[in-house]
Structure formats: C-alpha cells, structure tokens
Amino acid sequence: MEFKESKRDAMYRSMKYWGKKPHNIWSDLIKQNTKKNDIVMDPFAGSGVAFFESIALHRKPVVNDINPLTHFIVDVFSSSYNEKEINKLLKYISINVQDNALYKNYMKTKCSNCGHLTDIYNYRYENNIVAYAYKCENCKKTLIDDNQKDIQVINYPLIGIPEFNLSKLHSITNSSIDKFGGDDFKYLWTPLNSQLLKSIFEIILTFEEPYRKLFVFAFIQTSHLTSKMCAIRGEKSNRILSSSWGRPAFMALSKYMSQNPLIQLNRALYGNSGIVKAISAKNQRNISYNFSSNKEDFNKKKEALVQNIDSSKFSYDRVDFIITDPPYGDIIKYGELSLIWNLWLVKAYPSYKINLDNEIIIDKNKNRYYYEEKMNKVFTNCERSLKDNGKMIFTYNSQNNNDWSSIKNVIKSTNFEISNFYLQNNLRSSESNVKGTTPTSKSDYYIELSKEKNLFTDYNFEILDELINK
Ligand SMILES: C[S@@+](CC[C@H](N)C(=O)[O-])C[C@H]1O[C@@H](n2cnc3c(N)ncnc32)[C@H](O)[C@@H]1O
Ligand SMILES: [Zn+2]
Numbered sequence: 014m015e016f017k018e019s020k021r022d023a024m025y026r027s028m029k030y031w032g033k034k035p036h037n038i039w040s041d042l043i044k045q046n047t048k049k050n051d052i053v054m055d056p057f058a059g060s061g062v063a064f065f066e067s068i069a070l071h072r073k074p075v076v077n078d079i080n081p082l083t084h085f086i087v088d089v090f091s092s093s094y095n096e097k098e099i100n101k102l103l104k105y106i107s108i109n110v111q112d113n114a115l116y117k118n119y120m121k122t123k124c125s126n127c128g129h130l131t132d133i134y135n136y137r138y139e140n141n142i143v144a145y146a147y148k149c150e151n152c153k154k155t156l157i158d159d160n161q162k163d164i165q166v167i168n169y170p171l172i173g174i175p176e177f178n179l180s181k182l183h184s185i186t187n188s189s190i191d192k193f194g195g196d197d198f199k200y201l202w203t204p205l206n207s208q209l210l211k212s213i214f215e216i217i218l219t220f221e222e223p224y225r226k227l228f229v230f231a232f233i234q235t236s237h238l239t240s241k242m243c244a245i246r247g248e249k250s251n252r253i254l255s256s257s258w259g260r261p262a263f264m265a266l267s268k269y270m271s272q273n274p275l276i277q278l279n280r281a282l283y284g285n286s287g288i289v290k291a292i293s294a295k296n297q298r299n300i301s302y303n304f305s306s307n308k309e310d311f312n313k314k315k316e317a318l319v320q321n322i323d324s325s326k327f328s329y330d331r332v333d334f335i336i337t338d339p340p341y342g343d344i345i346k347y348g349e350l351s352l353i354w355n356l357w358l359v360k361a362y363p364s365y366k367i368n369l370d371n372e373i374i375i376d377k378n379k380n381r382y383y384y385e386e387k388m389n390k391v392f393t394n395c396e397r398s399l400k401d402n403g404k405m406i407f408t409y410n411s412q413n414n415n416d417w418s419s420i421k422n423v424i425k426s427t428n429f430e431i432s433n434f435y436l437q438n439n440l441r442s443s444e445s446n447v448k449g450t451t452p453t454s455k456s457d458y459y460i461e462l463s464k465e466k467n468l469f470t471d472y473n474f475e476i477l478d479e480l481i482n483k
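Okay, structure coming up:
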C-alpha cells in the first residue's frame with residue numbers, strides 16, 4: 014500500500030512543529046477505516062492533523078497531547094475572525110511599536126540608494142553586529158549595509174520576558190549558554206529584540222477575544238524567528254531576508270541574524286505560511302467545529318475532544334479507529350524546544366501547563382526503560398479504548414535499532430496483532446532525519462495493529478526483527 018503525499022495545505026503551515034504528518038494520507042487512512050460520526054483517537058496529536066482531518070470527514074476526533082500547543086491551535090482555529098479587525102489591530106501594534114524610541118533609533122535606516130526612511134529587516138551578527146539588511150519601501154531594493162549600528166549598549170530589560178533557566182534543559186550545551194550571554198530564556202534574543210517583543214506582547218494581551226488568542230498565536234510563531242538562532246544564508250544566494258529555525262536544539266550560532274519582530278509578526282499573520290491564509294484554507298474546506306476540553310463535556314456534546322494531559326492517563330470508550338505518531342526515542346525534544354513558544358503562551362494563558370516531567374522521551378534523566386514503560390501505558394490505553402473490530406495505525410521511524418526493539422517490546426506487552434506494516438515515502442524529511450548525520454530515509458513506517466487474530470502477525474514481527482538486527 015503506497016499513498017502519494019500532496020502539497021502541504023496552508024492550514025498546516027502556520028504552526029511550526031517537527032514531523033508533521035502528510036494530511037492527505039492521514040485523511041485517506043481515516044476515511045478507509047471509519048464511517049461518518051465514528052470516533053477517531055490520537056494520543057500524540059501534535060499539530061493536529063488527525064483532529065482537523067477527522068472534522069473534515071465528519072468524524073469525531075478525541076485527541077490529546079502533553080504539549081499545550083495542540084489544544085491552543087485547535088482553540089485558535091475554532092473561532093471565526095474578521096479580516097478588517099485583524100488589520101486594524103495589527104496597525105495599532107505597528108503604530109505603537111514604531112513610536113517606541115528604540116524602534117526609531119535602531120529599526121529605521123535611510124536607504125543608501127534613494128534616501129527613503131525604511132525599516133531594518135535584520136541585523137547580521139558575527140559575535141558583534143557586522144551589518145544590517147533592509148528592503149526599501151520606496152525603491153524596492155534589498156540592500157545590506159555594513160555601516161555598523163552599535164546596539165550592544167542596550168541593556169536587557171529585567172521584566173517582561175518569561176524567566177527560565179536554560180541550564181535545566183538537555184537540548185542546550187554550557188558553551189551555548191555562555192555564547193548566548195547568560196542562563197536565562199531572555200538571552201535567546203538580542204537586547205533590542207527582547208525589548209520590542211516585550212512591548213508587542215503587552216499590547217496583544219490587552220486585545221479582546223478571539224483576537225487576543227489569534228495574535229498570541231502569531232506572536233509565538235515569530236518568537237523563534239526573531240531569536241539568535243536564525244542562521245545567515247549565503248549572501249550570494251539572494252536570500253538575504255530569509256531565515257529559518259529548524260534545529261533540534263537551542264544552539265548559539267557564530268553567525269546569525271536577528272530579525273525585526275514587527276516584520277515577522279506581519280508575516281506570521283499575512284505571509285504565505287501565515288495564520289490568516291491558514292484560516293481561510295480551513296474555511297474553504299468547511300472545517301468548522303465546537304470542541305470540548307474534558308470527557309464530561311464531550312459526552313454531552315459529542316463533537317470533538319482535545320485534552321492537554323499525559324497520555325499514559327488518556328483513554329476513551331468505544332473508539333472506532335486510532336491513528337497516531339508517537340515520539341521516536343530521543344530524536345526530537347518536543348517539550349524543551351517548544352518552550353520558546355510555550356513560555357509566552359503560558360504567560361498569556363496561565364491555565365496551560367508545561368509538563369516536561371511526563372513527556373515520553375529518552376534523555377539524560379529518562380532512560381530506555383522509562384520510554385518503554387510509558388509507551389506501554391499509552392498503547393495499553395489504546396487497546397482498552399478501541400472497539401474489538403477497531404484498528405490502530407501508528408507511524409514510526411528511527412535509525413537506532415534500539416528504538417525498534419522498544420517498539421517490539423511495547424507491542425508484545427499488549428494483545429495487539431500486527432496486521433500490516435509498510436514504508437511510506439514522504440516529500441519532506443521526517444523527524445528521524447532532523448537529527449541524523451546521514452539524512453537517508455525520507456520515509457516513515459506505518460504499522461497497523463488490530464485486536465483480532467491476524468494471519469500476517471508472525472510475518473510482520475519478522476520485519477520488525479529485521480529492523481532491530483539491521
Ligand atoms: C512525533 S510527535 C507528533 C507530531 C504529529 N505527528 C504532527 O503531525 O504534528 C509526538 C508527540 O507526542 C507528544 N508527547 C510526548 N509525550 C507525551 C505524553 N506523555 N502524553 C501526551 N503526549 C506526549 C509530544 O508532545 C509530541 O507532540
Ligand atoms: Zn530606496
């Protein structure tokens with residue numbers, strides 16, 4: 014069985030996350046394995062593919078993730094927004110921030126070609142600032158100026174940026190902490206950007222719902238892109254204004270750019286991967302829903318459930334189909350890396366909780382035994398939740414044979430049979446390649462489990478053994 018991955022829909026571009034699964038393939042799998050009004054469960058829901066595709070197919074999603082981002086994106090997409098109002102609010106932010114003395118002094122420059130006063134797009138650092146780039150609003154030229162602007166003198170604000178000790182994390186080295194400038198979250202940004210981000214954030218917090226959450230969403234999507242973790246792309250590559258943060262760690266770079274937060278906020282709203290495009294793509298597909306955040310409410314309304322708990326405590330009764338993408342060993346530290354968004358999110362919405370302690374992962378404190386134990390609990394809950402004739406499909410990939418061995422142990426500890434096992438090619442690299450030094454396989458395994466006896470189980474366990482002994 015091989016499906017073809019289609020282009021990523023705009024609605025799945027607005028939130029940065031690792032290992033987003035191809036929505037059309039998940040949609041096909043849901044369609045094949047369920048009928049209208051059936052319950053579809055995903056205990057590791059991530060950016061919400063199973064949730065939104067179930068809604069599109071008139072199924073009832075029951076999903077969970079320990080990362081509050083899942084609940085948050087479902088919440089943001091559940092409201093309707095007026096574009097004029099979004100525009101007005103963005104203007105309000107822009108006017109206020111541009112009025113800020115720091116912005117006037119350090120984020121504006123005279124175009125060296127035509128003299129027009131224009132916004133600086135990014136500062137370029139090699140230990141110190143070496144240059145800044147801008148796209149002139151008048152003559153439309155993209156230019157790099159190495160007329161040094163000394164903004165090193167600006168001090169970090171003491172309040173406003175969420176506090177967090179970076180040294181608590183596994184995904185950062187001591188030398189990176191030193192290079193960033195100190196053991197606190199705020200050092201992930203330059204002093205100028207941290208001041209500007211703080212003032213944008215404070216304005217957003219005064220907005221009324223649902224625009225407040227929409228802007229918080231756009232804001233957190235700018236937070237990594239305005240940090241010091243954005244690599245400079247080759248200056249000849251004419252991608253002077255472009256950068257990304259795709260690294261699976263908090264890493265201090267020797268050459269980086271610090272991008273203008275106001276411009277990035279604008280892009281997070283109106284850009285090609287912006288939330289406004291995402292919402293109109295969602296509306297075009299008629300994806301609209303009310304959702305519940307707890308089982309009692311869902312039992313009454315029976316529309317959609319999204320929770321933000323530890324999946325080893327997550328279950329539901331009489332589920333028709335499970336589709337999920339569990340963590341692959343130590344590959345991506347979802348919880349830690351998401352702090353760059355979630356520390357802001359929790360500041361805006363304190364009812365969200367960050368729970369790194371119960372995340373299923375392998376790191377310095379959590380060994381393989383922990384990983385297997387927890388995965389075992391989730392898979393056992395899945396088995397219990399599923400109807401007798403129901404199926405569970407999960408994706409997995411790892412270049413570490415021990416991960417495959419863990420998966421085998423986890424399946425063996427349940428009464429599940431393996432009814433199917435196949436490799437699916439992806440257009441984009443999956444999480445297993447983000448870390449690997451040899452980005453070889455652009456594919457994921459799809460493993461189908463069922464509660465009923467299956468002729469192929471022994472054969473499929475042999476495939477698993479081959480992956481373990483590779
Ligand atoms: C491979 S990712 C899923 C990504 C998803 N396929 C997508 O398209 O975005 C695994 C997810 O498991 C979640 N997770 C890890 N431990 C968990 C736990 N104990 N309970 C619930 N979710 C957990 C992580 O937060 C992460 O979102
Ligand atoms: Zn110009």
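Count along the sequence shown starting at 1, add 13, and that's the number in my numbering. All residues carry an ideal CB built from backbone N, CA and C; glycine is no exception. Only a predicted model underlies this, so the values are computations on that prediction, with no experimental measurement involved.
Extent of the continuous beta strand (DSSP E) to which residue i belongs
i: Arg397; result: First-last for Arg397: 381-398, but that is the alpha helix (DSSP H), not the beta strand (DSSP E).
i: Lys121; result: 121-123
i: Glu316; result: Segment: none, Glu316 is in no beta strand (DSSP E) and carries neither H nor E.
i: Phe304; result: Premise fails: Phe304 is in no beta strand (DSSP E) and is neither H nor E.
Cβ-Cβ separation, residue j to residue i (assumed contact under 8 Å), whole Å
i: Glu139; j: Ser267; result: 7 Å
i: Asn410; j: Tyr347; result: About 16 Å separates the two Cβ atoms, so there is no contact after all.
i: Trp258; j: Met270; result: That belief does not hold up - the Cβ atoms of Trp258 and Met270 are roughly 11 Å apart, past 8 Å.
i: Ile288; j: Ser92; result: Not quite, the Cβ-Cβ distance comes to about 12 Å (not below 8 Å), so this is no contact.
Whether residue i touches residue j by CB criterion (9 Å)
i: Ser40; j: Ala69; result: yes
i: Leu369; j: Ala262; result: no
i: Tyr94; j: Ile233; result: no
i: Ser240; j: Arg246; result: no
i: Asp471; j: Ala294; result: no
i: Pro35; j: Ile335; result: no
i: Ile216; j: Val110; result: yes
i: Pro339; j: Met264; result: no
i: Asn355; j: Pro274; result: no
i: Ser456; j: Lys404; result: no
i: Asn467; j: Ser432; result: yes
i: Asn126; j: Cys152; result: yes
i: Ser328; j: Arg397; result: yes
i: Leu179; j: Phe198; result: yes
i: Phe407; j: Tyr459; result: yes
i: Asn321; j: Thr83; result: yes
i: Val319; j: Ser306; result: yes
i: Leu201; j: Ile367; result: no
i: Val493; j: Ala231; result: No answer is possible for residue 493: it lies beyond the span of the chain, which begins at 14 and ends at 483.
Pairwise C-alpha distance: residue j and residue i
i: Thr450; j: Asn378; result: Unreliable positioning characterises Thr450 in this predicted model, as indicated by a pLDDT of 36, which lies under 50. The coordinate reading is nonetheless provided below. Approximately 24 Å between the Cα atoms of the pair.
i: Asn187; j: Phe474; result: 42 Å
i: Lys448; j: Lys97; result: Because Lys448 carries a pLDDT of 44, less than 50, the predicted location of this residue cannot be relied on, and no value is offered for it.
i: Asn446; j: Gln437; result: The pLDDT assigned to Asn446 is 47, lower than 50, so where the model puts this residue is not dependable, and the model offers no usable value.
i: Leu477; j: Tyr105; result: 57 Å
i: Gly32; j: Asp416; result: 17 Å
i: Ser364; j: Ser324; result: 18 Å
i: Asn118; j: Ile213; result: 17 Å
i: Thr427; j: Leu282; result: 45 Å
i: Lys20; j: Ile43; result: 18 Å
i: Phe304; j: Arg72; result: 13 Å
i: Pro452; j: Asn413; result: Here the model assigns Pro452 a pLDDT of 33, short of 50, so the residue's position is not dependable, and the following value carries that caveat. Cα-Cα distance, rounded: 13 Å.
i: Arg260; j: Thr122; result: 31 Å
i: Ile157; j: Leu278; result: 22 Å
i: Ile190; j: Lys421; result: 38 Å
i: Asp159; j: Thr235; result: 25 Å
i: Glu299; j: Asp330; result: Per the sequence presented here, residue 299 reads as Asn, with Glu not at that position. Cα to Cα, Asn299 sits roughly 28 Å from Asp330.
i: Leu238; j: Tyr25; result: 18 Å
i: Ile133; j: Gly194; result: 24 Å
i: Ile108; j: Asn285; result: 23 Å
i: Val391; j: Phe429; result: 13 Å
i: Val229; j: Phe85; result: 10 Å
i: Ser60; j: Val87; result: 9 Å
N-terminal and C-terminal residue of the alpha helix (DSSP H) that residue i is part of
i: Ile68; result: 62-69
i: Phe469; result: Taken as a continuous stretch (DSSP letters only), Phe469 belongs to no alpha helix (DSSP H), as it is neither H nor E.
i: Ile288; result: 288-297
i: Pro56; result: First-last for Pro56: undefined, no H or E at that position.
i: Leu103; result: 96-111
i: Gln277; result: 274-283
i: Glu461; result: Looking at the DSSP string, Glu461 is not in any alpha helix (DSSP H); the run it does join, the beta strand (DSSP E), is 456-463.
i: Gln45; result: 36-46
i: Phe85; result: 81-91
i: Asp416; result: 414-425
Quick one: complete alpha helix (DSSP H) runs, 4+ long, within the segment 181-250?
187-193, 204-217, 224-236
Please write down, chain order preserved, every residue whose beta carbon lies under 5 Å from a heavy atom of ligand 4.
What this structure holds is ligand 1 and ligand 2, not ligand 4.
Runs of 4 residues minimum, wholly inside the segment 322-389: which ones carry the alpha helix (DSSP H) assignment?
347-350, 352-361
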